[in-house]
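The UniProt record's numbering applies: residue 1 is where the sequence shown begins, and numbers increase by one. A short worksheet on the structure shown next.
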Amino acid sequence: MSIKSQSGKKYVKEARLNGQKLKRPFLAHQNIVKGGELVFLMAARP
1 MSIKSQSGKK
11 YVKEARLNGQ
21 KLKRPFLAHQ
31 NIVKGGELVF
41 LMAARP
């Protein structure tokens, strides 16, 4: 796991798994087992 973040941005604006935007705030077990790239787009405000 690696984290790249900008200072002051602590709220999740969007999450993407392997380039596809997540529609819900959870991951299925099968997606965790398969692995991949999980990217969070962060924001300064909720």
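Cβ atoms here follow ideal geometry from the backbone N, Cα and C, with glycine treated the same way.
- K21 places its beta carbon less than 8 angstroms from that of E14.
- Apart from the 5 residues on each side of it in sequence, V39 sits with its Cβ closer than 6 angstroms to the Cβ of R16 in its chain, given in chain order.
- Q30 carries a helical assignment under DSSP once its states are collapsed to helix, strand and coil.
- Per DSSP, reduced to three states, the secondary structure at L22 is coil, with no helix or strand assignment.
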